[in-house]
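A short worksheet on the structure shown next.
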Amino acid sequence: MTSRRGPDAPGAAELRAELEALGARVTLAACDVADRAALTALLADLPADQPLSSVFHSAGVADGDAPVADLTLDQLDALLRAKLTAAHHLHDLTAGRDLDAFVLFSSGAAVWGSGGQPGYAAANAYLDALAAHRRSLGLPGASVAWGTWGEVGMATVPEVHQRLHRQGVRAMAPDLAIGALQQMLEDGDTTLAVTLMDWEAFAPSFTAGRPSALFSTVPEAVRALHDDGDAVAGDAPAAPPLRRHLEELSAAERGRALVEAVRAEASATLGHANPDAVPAGRAFRDVGFDSVTAVELRNRLRAALGLPLPAALVFDHPTPTALAGHLGTLLFGTAPEAPGTGRPDDPDARIREALATVPLGRLRKAGLLDMVLKLADSEATDDPAPEAADPAESLDDMDAEALLRLATENSAN
Numbered sequence: 000m001t002s003r004r005g006p007d008a009p010g011a012a013e014l015r016a017e018l019e020a021l022g023a024r025v026t027l028a029a030c031d032v033a034d035r036a037a038l039t040a041l042l043a044d045l046p047a048d049q050p051l052s053s054v055f056h057s058a059g060v061a062d063g064d065a066p067v068a069d070l071t072l073d074q075l076d077a078l079l080r081a082k083l084t085a086a087h088h089l090h091d092l093t094a095g096r097d098l099d100a101f102v103l104f105s106s107g108a109a110v111w112g113s114g115g116q117p118g119y120a121a122a123n124a125y126l127d128a129l130a131a132h133r134r135s136l137g138l139p140g141a142s143v144a145w146g147t148w149g150e151v152g153m154a155t156v157p158e159v160h161q162r163l164h165r166q167g168v169r170a171m172a173p174d175l176a177i178g179a180l181q182q183m184l185e186d187g188d189t190t191l192a193v194t195l196m197d198w199e200a201f202a203p204s205f206t207a208g209r210p211s212a213l214f215s216t217v218p219e220a221v222r223a224l225h226d227d228g229d230a231v232a233g234d235a236p237a238a239p240p241l242r243r244h245l246e247e248l249s250a251a252e253r254g255r256a257l258v259e260a261v262r263a264e265a266s267a268t269l270g271h272a273n274p275d276a277v278p279a280g281r282a283f284r285d286v287g288f289d290s291v292t293a294v295e296l297r298n299r300l301r302a303a304l305g306l307p308l309p310a311a312l313v314f315d316h317p318t319p320t321a322l323a324g325h326l327g328t329l330l331f332g333t334a335p336e337a338p339g340t341g342r343p344d345d346p347d348a349r350i351r352e353a354l355a356t357v358p359l360g361r362l363r364k365a366g367l368l369d370m371v372l373k374l375a376d377s378e379a380t381d382d383p384a385p386e387a388a389d390p391a392e393s394l395d396d397m398d399a400e401a402l403l404r405l406a407t408e409n410s411a412n
């Protein structure tokens, strides 16, 4: 058994004692498998009476990963060394040996993806490809893409465990996971994903931003994706309190109430106590929503209103104002006018909704953000536009129409 620290690694002594108590002969060696020279020396030192018969590569590292736009070459190199480089050296340096098994521990990140761990996902995808490559050469090769292990492994870190659990990736009992691995080897599979999923949580969030056929043959996932919330409305004879409250309001009051209700539910979804954390005209993505929280907001709204709502609701209607208008149409047949949105038939409404989805970072890259900030803080011109935004208004509080007007006026000048 190797690791960079060998017998000095945390828990190594206890593991040796446990395995020896089961009758195994254990050697703990300090070796960085990504170091080809060190691995060559280690393999050369194996005793002749105990030749190498199986290789299990179970390294895991995710530290230093970052979204693609922020990932540096140094970070990517560190992530790939433990997985890709080490696995390649093991493959290359043992190709001439008569092995019974060559097993690579991959990850679900390589199967269904991980937006926050692109380097880790890429490294594990290489392992899957390497297993297939070895099989094409007539060599043993198997890559198992693990979901979340309980009790041991990287996912036992509380923050990681909570995030994965919220996404619907549940922790597996280690003995069941090992049993699945044994079955995989007996069946001769090349690649296999082994995971414990809460499909009711995972499938809707996985497809919230775009449809996917990846799990179309998993019955539980199919059922979860076809749950449009009818049961919520059908099981409750009386309308939910929020819906009853809206029915009692005038059309004008209803518009404001719907926007405030959406903001309140969105803020609660993100863990904020104050609805001000989600401005009416700000895109949900810009205030921290992802596919998981988007589905959670959908669930809260369908329970509050008794409406069947799709998982992609938040992505199809990207701001609280736009979403409130859509909900008003579903409830009352016409979209109520929300404060600050102008006439329901306003021809510029589509432009405002589109602009509201543009992240501030994109405005900055386009060279518009500094210009807009400068205009927002400046005094009114001698000939201001009839609907010019209040210069004292902060950029965070400005709606999409005001931002677009400020940017285009400055470009024209």
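Residue 239 in numbering that gives the first Met the number 0 sits at position 240 of the sequence shown, with consecutive numbering throughout.
Cβ atoms here follow ideal geometry from the backbone N, Cα and C, with glycine treated the same way.
Straight-line Cα distance separating G270 from A279: 17 Å
M171 in three-state terms, based on DSSP: strand
Beta carbon of V313 nearer than 7 Å to that of A293: yes
T1, DSSP secondary structure in three states: strand
CA nearest to the CA of A131, picked from S53, R262, G112 and G187: G187
Rounded distance between the beta-carbons of A238 and G332, thought under 8 Å: About 16 Å; that fails the 8 Å criterion.
Nearest-angstrom beta carbon gap, A8 and H88 [assumed within contact, 8 Å]: Incorrect: roughly 20 Å between the Cβ atoms, too far for contact.
Rounded straight-line distance, which links the Cα of P319 to that of L248: 19 Å
Close beta carbons around S204, own chain, < 6 Å, minus the five adjacent residues each side: S290, V291 and V294
Span separating the alpha-carbon of L300 from that of P309: 11 Å
Buried versus exposed, by CB contacts within 10 Å (16 or more), V25: exposed
Selection from S113, E246, E185 and A179 that minimises the alpha carbon distance to L163: S113
Best match in L42, R35 and A16 for proximity to A28 [C-alpha to C-alpha]: L42
Cβ contact (3+ pairs, closer than 8 Å) linking the segment 81–97 and the segment 174–183: no
7 Å CB neighbourhood of G287 in its chain, flanking five on each side removed: L269
Same chain only: Cβ atoms within 8 Å of E264, ignoring 5 sequence neighbours per side: L296, R299, L300 and A303
Candidates G107, A121, S135 and G118: closest to W148 by CA position: G107
Paired residues, beta bridge with F101 - DSSP: V54
Buried or exposed (CB count within 10 angstroms, at least 16 for buried), P317: buried
Under the three-state DSSP convention, the category W111 falls into: coil
Contacting residues, own chain, Cβ-Cβ under 7 Å from V110 (five flanking each side not counted): A144 and A192
Same chain, Cβ closer than 8 Å to S53, neighbours up to 5 away in sequence not counted: L98, D99, A100, F101 and V102
Three-state class that DSSP yields for L213 in the structure shown: coil
Extent of the continuous alpha helix (DSSP H) to which T26 belongs: Note, T26: premise wrong, no alpha helix (DSSP H); not H, not E.
Supposed close pair T189, A141 - CB separation, criterion 8 Å: 6 Å
Cβ-based burial, D64 [other Cβ within 10 Å; buried from 16]: buried
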